[in-house]
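Notes follow the structure.
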Amino acid sequence: MEYVAQQIINALSFGAEYALLALGLAIVFSVMGLVNFAHGEVIAVGGYTMVAFAALVTANPWIIVIGAIAAATLTSVALERVAFRPVRYADPTTGLLTAFGVSIVLQNLFLLFISPRPIAVTSLYFLDAPVTVFGIQISSLQIFESITILVVIMGLVLFLQKTTAGLAMRAASLDFEMVRLTGIRANRVFALAFLISGLLAGLACIFIMARRGSVDPHFGFNPVLKAFVACVVGGFGSLPGAVLGGFLLGAIEVGMLVMLPQEYGGLKDAFVFGIIALVLIWRPDGILSPAKEKGDKL
Amino acid sequence: MLDIQNLRVSHGPIEAVHGISLQVGAGQCVVLLGPNGAGKTSTISAICGVAQATGVIRLEGDDLTRVSVEDRIQRGIAVSPEGRRIFSNLSVEANLRIGGGIRANKGAVQDDIDRWFETFPILGERRNQPGGTLSGGEQQMLAIARALMSKPKILLLDEPSLGLAPRIVAQVFELIAQLRADGMTILLVEQNARQALRISDYAYLLNNGQVQAEGTNETLGGSENMMANLTGLG
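Protein sequences appear in the order of chains B and W. Residue numbering for the first sequence follows full-length UniProt numbering, beginning at 1 and increasing consecutively. Residue numbering for the second sequence follows full-length UniProt numbering, beginning at 1 and increasing consecutively.
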């Protein structure tokens with residue numbers, strides 16, 4: 001019983017992390033139809049900022065955390081301005097290639113100017129302390145992750161439903177040109193999408209760093225892959241889909257870890273992607289894919 | 001108010017409008033008539049800045065040629081586009097709020113929204129429903145209301161009667177006539193020539209991207225044969 005409860009909590013905390021990552025991709029995709037594969041490098045910038053802060057500025061973990069979130073957010077906004085704005089109205093393939101290009105350039109900058117080897121940051125280990133809740137041993141990190149994703153989801157829902165900027169972002173996901181035709185500036189909507197995406201990347205970065213404890217140039221690859229898969233499963237462009245896809249991916253991964261016999265452990269990913277393939281056969285556009293325009297288009 | 005000289009509009013390599021000139025005076029309702037493919041919607045798109053165009057477009061004397069789409073709207077152009085383009089994933093009220101998104105005074109925006117819900121009780125009843133669940137006529141009213149939420153100087157209406165039942169078309173024209181009576185400057189694109197001419201001060205007849213004729217209701221309405229030839233609707 002305790003074992004089952006523990007695994008459920010594991011699945012939830014992995015799911016929360018994937019959901020956080022997937023939301024970062026989905027919010028940009030929903031507005032400009034761009035799969036931002038450089039999202040992983042934004043997360044890595046957060047990681048390197050932690051390294052720099054820990055080595056040069058302070059040992060106070062909260063300042064380090066805030067620095068990482070700020071750095072990721074600024075990086076994301078800067079990438080929009082420098083790399084993605086010029087190709088905004090180009091073919092989606094151009095945007096995708098730009099994202100790959102940005103990703104490769106940033107990885108090489110990390111390699112050249114920082115180090116090809118992993119650099120450790122130990123100041124976040126305190127986040128990962130064991131706690132006992134109702135007789136179940138879990139990590140405090142799992143609690144933090146679950147609380148963070150809850151706060152993020154509530155914050156996003158409020159923002160997207162109550163503010164004009166949020167409404168404009170949702171409208172933009174359907175008909176960007178019409179949003180411009182109401183006079184709302186496209187530049188602001190895009191910058192805002194990247195700002196939120198960067199904020200989410202910064203938050204995700206903290207949890208990944210707290211778990212792994214080190215950052216290297218390819219730090220962002222795995223997270224962005226998980227985020228991409230979660231988005232595809234949930235339905236690309238749908239924010240609830242990104243959250244659902246993230247939690248589903250977490251559940252499938254933990255489920256496979258638990259259920260596969262020891263000797264098949266190495267095949268975990270194969271089984272995970274096999275299940276995801278089945279989900280996609282059932283729902284080719286993802287589970288919560290945004291409804292196609294059925295309205296009065298003449 | 002709006003002064004267009006020698007406007008050429010292209011969609012990629014194809015030129016749809018070959019150098020037209022037209023004027024809309026303050027408080028006037030001017031109608032652009034013409035068959036499918038005449039270049040009416042291209043003209044509207046060019047005025048908004050979303051189509052590639054050359055020529056001069058002036059709003060109250062200011063040259064808009066190099067002005068971005070957003071700035072044109074902020075300077076006082078509003079559009080109810082072809083196909084209405086309601087944000088079907090947002091509530092009726094949210095559609096109106098986005099329409100008033102460029103105004104600083106949010107209290108006044110809310111007052112205007114409430115006023116529209118009084119004018120069109122059906123929209124008020126459905127204020128929290130997604131815009132996509134409205135009927136075509138209701139969507140058209142919402143599209144016009146959304147455009148007017150920005151407090152424009154000139155309202156561009158692109159085929160507001162398209163695809164609507166005759167009874168609803170009459171309501172749409174009634175609304176346009178009311179707006180004109182209230183002093184709104186309107187550029188109306190229509191295929192529904194008779195009804196459009198009745199509520200307009202001046203008309204331009206477009207065919208194959210050129211102005212074939214222009215005049216008031218009386219001068220154009222008299223030449224029924226020419227109308228029939230050009231629009232197939234006379």
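C-beta atoms are modelled at their ideal positions from N, C-alpha and C, and glycine is treated no differently. Predicted, not measured: the structure shown is a model, and the values here were computed from it.
- Neighbourhood of N89 of chain W in chain B, by CB distance below 7 Å: R170, L174, in chain order.
- Distance from the CA atom of A171 of chain B to the CA atom of Q139 of chain W, rounded to whole angstroms, is 15 Å.
- Closer than 8 Å at the C-beta level to chain W, one finds these residues of the stretch 177 to 196 of chain B: E177, M178, V179, R180, L181, T182, G183, I184, R185, A186.
- Contiguous beta strand (DSSP E) elements confined to the stretch 26 to 50 of chain W occur at 29 to 33, taking only those with 3 or more residues.
- For H218 of chain B, the secondary structure class from DSSP, reduced to helix, strand or coil, is coil.
- The stretch 17 to 83 of chain B is shown to contain whole alpha helix (DSSP H) runs of 4 or more residues at 39 to 52, 61 to 79, in chain order.
- At least one beta carbon of chain W lies nearer than 8 Å to the beta carbon of T164 of chain B.
- One Cα belongs to D216 of chain B, the other to G255 of chain B, and the distance between them is close to 29 Å.
- Comparing C-alpha distances from L12 of chain B to each of B:E253, B:P118, B:A277 shows the shortest one belongs to B:E253.
- Sequence-distant Cβ neighbours of Y18 of chain B in its own chain, meaning closer than 6 Å and more than five residues away, are K226, A230, G246, L249, G250.
- L197 of chain W and A165 of chain B have their C-alpha atoms roughly 40 Å apart.
- Rounded to the nearest whole angstrom, the CA to CA distance from P240 of chain B to V9 of chain W is 41 Å.
- The alpha-carbon separation between G25 of chain W and Q210 of chain W amounts to approximately 21 Å.
- Between the stretch 109 to 125 of chain B and the stretch 50 to 68 of chain B, the count of C-beta pairs closer than 8 Å reaches three or more; the two stretches touch.
- Residue environment: E118 of chain W is assigned as exposed (fewer than 16 neighbouring CB atoms within 10 Å of its CB, all protein chains considered).
- When secondary structure is reduced to three states using DSSP, P92 of chain B falls in the helix class.
- Annotated three-state conformation of Q195 of chain W is helix, per DSSP.
- Counting along the chain, V254 of chain B sits inside no beta strand (DSSP E); it lies in the alpha helix (DSSP H) bounded by residues 239 to 259.
- Along the stretch 92 to 112 of chain W, the positions whose C-beta sits under 7 Å from a C-beta of chain B are A94, R97, I98, G99, G101, I102, read in chain order.
- At least 8 Å separates the CB of S21 of chain W from every CB of chain B.
- A check of alpha carbon separations from G99 of chain W across W:A147, W:P152, W:I186 identifies W:A147 as the nearest.
- Residue state for L64 of chain W is assigned as coil, using DSSP reduced to three classes.
- Annotated three-state conformation of G265 of chain B is helix, per DSSP.
- Taking a C-beta distance under 8 Å as the contact criterion, C205 of chain B and A16 of chain B do not qualify as a contact pair.
- Bounds of any beta strand (DSSP E) do not take in E82 of chain W, whose DSSP letter is neither H nor E.
- Its Cα nearest to that of H218 of chain B, the residue B:H39 stands out among B:L20, B:M154, B:H39.
- Here the stretch 175 to 187 of chain B does not lie against the stretch 114 to 121 of chain B, with fewer than 3 beta-carbon pairs under 8 Å apart.
- Taking CB atoms only, I154 of chain W has no neighbour in chain B less than 8 Å away.
- Identification of chain B residues near I73 of chain W by a Cβ-Cβ cut-off of 7 Å yields L181, T182, G183, ordered along the chain.
- When B:V28, B:I153, B:Q6, B:F14 are compared, the shortest CA-CA separation from F236 of chain B is found for B:V28.
- Residue environment: D63 of chain W is assigned as exposed (fewer than 16 neighbouring CB atoms within 10 Å of its CB, all protein chains considered).
- One finds L90, A94, R97, I98 in chain W with Cβ atoms closer than 7 Å to the Cβ of L167 of chain B, taken in chain order.
- Check the Cα spacing between F176 of chain B and each of W:D201, W:A143, W:R85: the tightest is with W:R85.
- Excluding five sequence positions before and after A90 of chain B, none of the CB atoms of its chain fall closer than 6 Å to its own CB.
- If you draw a 10 Å sphere on the C-beta of L267 of chain B, you find fewer than 16 other C-beta atoms in it, and that means exposed.
- Spatial neighbours of Q195 of chain W in its own chain (CB-CB distance under 6 Å, excluding positions within 5 residues in sequence) are listed in chain order as F173.
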